Amino acid sequence: MNISFTASRHPKKKPEDHELSFGTRFTDHMLLMDYSLEKGWHDLRIVPYDNFSLPPSTTVFHYGQAIFEGLKAYRRKDNQIQLFRAKDNFDRFNRSARRMCIPEIERDSVLDALKELIRIEEDWVPSSHGTSLYIRPTIIATDPFLGIRASHTYLFFTILSPVGAYYPEGFNPVKIWVTSEYVRAVPGGVGEAKTAGNYAASLYASEKAQKEGYTQVLWLDGKEHRYIEEVGSMNIFFVINNTIVTPELNGSILSGVTRNTVIQVARKNGLSVSEKRISIDEICEAHEKGELSEAFGSGTAAVISPVGTIRYKDHILTIKNGVAGPISTMLFDEITGIQYGEKEDSFQWTEII
Ligand SMILES: *Cc1c(COP(=O)(O)O)cnc(C)c1O
Numbered sequence: 000m001n002i003s004f005t006a007s008r009h010p011k012k013k014p015e016d017h018e019l020s021f022g023t024r025f026t027d028h029m030l031l032m033d034y035s036l037e038k039g040w041h042d043l044r045i046v047p048y049d050n051f052s053l054p055p056s057t058t059v060f061h062y063g064q065a066i067f068e069g070l071k072a073y074r075r076k077d078n079q080i081q082l083f084r085a086k087d088n089f090d091r092f093n094r095s096a097r098r099m100c101i102p103e104i105e106r107d108s109v110l111d112a113l114k115e116l117i118r119i120e121e122d123w124v125p126s127s128h129g130t131s132l133y134i135r136p137t138i139i140a141t142d143p144f145l146g147i148r149a150s151h152t153y154l155f156f157t158i159l160s161p162v163g164a165y166y167p168e169g170f171n172p173v174k175i176w177v178t179s180e181y182v183r184a185v186p187g188g189v190g191e192a193k194t195a196g197n198y199a200a201s202l203y204a205s206e207k208a209q210k211e212g213y214t215q216v217l218w219l220d221g222k223e224h225r226y227i228e229e230v231g232s233m234n235i236f237f238v239i240n241n242t243i244v245t246p247e248l249n250g251s252i253l254s255g256v257t258r259n260t261v262i263q264v265a266r267k268n269g270l271s272v273s274e275k276r277i278s279i280d281e282i283c284e285a286h287e288k289g290e291l292s293e294a295f296g297s298g299t300a301a302v303i304s305p306v307g308t309i310r311y312k313d314h315i316l317t318i319k320n321g322v323a324g325p326i327s328t329m330l331f332d333e334i335t336g337i338q339y340g341e342k343e344d345s346f347q348w349t350e351i352i
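As structure tokens, then:
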């Protein structure tokens with residue numbers, strides 16, 4: 000596919016690395032592509048970052064037929080820029096597309112266009128420790144039609160956002176609140192898809208948790224409210240008797256690229272990892288017996304997020320006295336080492352662009 004490029008006539012002032020937070024600044028250009036029944040996906044183009052103009056009847060505004068991805072490009076010490084497991088993100092994007100009746104994109108030509116966009120925006124990729132360029136591919140349904148059916152037209156776009164270090168104040172554990180009242184996903188639902196509505200549906204419980212002084216919600220399964228699923232928008236891991244345990248992919252859990260990275264890096268470092276159904280009662284019991292030594296979330300934004308406190312009904316479990324454990328720390332160092340090109344990438348996950 001040919002990629003056309005229109006340069007911005009009003010390039011913005013780039014932020015200093017210390018001014019960066021998450022998802023507030025965007026680069027000068029974006030990637031776009033259109034879909035119609037007649038032409039399929041077409042007109043892949045790099046254009047100035049700008050507003051969209053869409054009629055109020057646009058189907059995505061009403062019925063939420065939308066999917067997205069989140070991945071990052073990192074600046075290495077030698078100043079080159081690299082992507083981490085981008086193919087895996089775009090494969091998941093296409094799995095989300097299938098579930099939401101959105102036509103799949105051609106992964107490799109879109110990835111080539113993304114690399115071209117990042118080369119154009121090269122100076123936007125921050126370089127201080129822990130910073131990166133966050134990449135947000137999205138597809139929205141664009142038919143100007145209020146009937147409920149899959150749209151016949153779509154807009155694909157990708158925007159880039161330089162982001163600050165996730166842990167400016169150190170690798171500190173968070174407090175999480177187990178909700179036995181609200182659920183994120185149900186068997187047969189769309190929990191496995193990165194689709195917009197899942198996030199809208201999670202906000203109410205998140206706000207409740209925050210009012211209680213907790214950072215994130217730990218979600219249980221949607222049927223029995225017993226089995227652990229995810230934490231906030233991260234996958235969850237526990238260390239019990241020196242084995243790393245994480246819920247198996249059951250259709251309602253989002254299959255995180257970082258989750259898979261954690262599993263592979265842990266095994267390579269000689270740790271045993273078990274993917275299985277695990278109940279909140281088992282976690283409470285392991286804690287009571289002194290067998291629960293660590294808990295952490297995994298996701299692209301934070302990589303590893305250590306958990307210091309878990310509140311479930313009247314139980315308050317404190318893990319490692321609220322400090323990050325050795326396995327969480329090792330995994331964080333190993334994975335970020337590969338992402339920044341400081342450690343050998345024996346899995347061939349990175350791609351210099
Ligand atoms: C994106 C996401 C994750 C983490 O996926 P990564 O590929 O590791 O970033 C986990 N759970 C939910 C619900 C998510 O949306």
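Residue 172 in numbering that gives the first Met the number 0 sits at position 173 of the sequence shown, with consecutive numbering throughout. Glycine included, each C-beta is placed from N, C-alpha and C at the ideal position. None of the values given here were measured: they were computed from a predicted structure.
Check                                                                                                                                                                                        : Outcome
Give every residue of the same chain whose Cβ lies closer than 8 angstroms to the Cβ of Y62, excluding the five residues on either side of it in the sequence, and list them in chain order. : A140 and I147
Taking contact to mean 3 or more Cβ pairs, one atom from each stretch, closer than 8 angstroms, check whether the region 215 to 231 and the region 278 to 296 are in contact.                : yes
Identify the residues that DSSP records as bridge partners of V244: which are they?                                                                                                          : F237 and S273
Give, in chain order, every unbroken run of the beta strand (DSSP E) that is at least 3 residues long and sits entirely within the region 63 to 151.                                         : 65 to 67, 70 to 74, 80 to 83 and 131 to 140
Does DSSP put T317 in a helix, in a strand, or in coil?                                                                                                                                      : strand
For F380 versus S327, is the C-beta distance shorter than 8 angstroms?                                                                                                                       : Look at the range of the chain in this structure, 0 to 352, and you will see that residue 380 is not part of it.
If distances are taken between C-alpha atoms only, which option among L43, P125 and T58 comes closest to D107?                                                                               : L43
Per DSSP, what kind of secondary structure is T335 in: helix, strand or coil?                                                                                                                : helix
Identify the continuous alpha helix (DSSP H) that holds G289 and give its terminal residues.                                                                                                 : Unbroken run through G289: none, as it is neither H nor E.
Give the DSSP-derived three-state secondary structure of V185 in the structure shown.                                                                                                        : coil
Buried or exposed for H286, going by 16 or more other Cβ atoms inside 10 Å?                                                                                                                  : buried
Can you tell me where the alpha helix (DSSP H) holding I227 begins and where it ends?                                                                                                        : It is not in any alpha helix (DSSP H) - I227 instead sits in the beta strand (DSSP E) that spans I227 to V230.
According to DSSP, simplified to helix, strand and coil, what is R266?                                                                                                                       : helix
Exposed or buried, what is H28 when buried is set at 16 or more other beta-carbons lying within 10 Å of its beta-carbon?                                                                     : buried
Counting only the same chain and skipping the five closest in sequence on each side, list residues whose C-beta sits under 6 angstroms from that of A204.                                    : T178, Y181 and V216
Is M233 near ligand 1, with its Cβ less than 7 angstroms from a heavy atom?                                                                                                                  : yes
Tell me where the alpha helix (DSSP H) around S205 begins and ends.                                                                                                                          : A195 to K210
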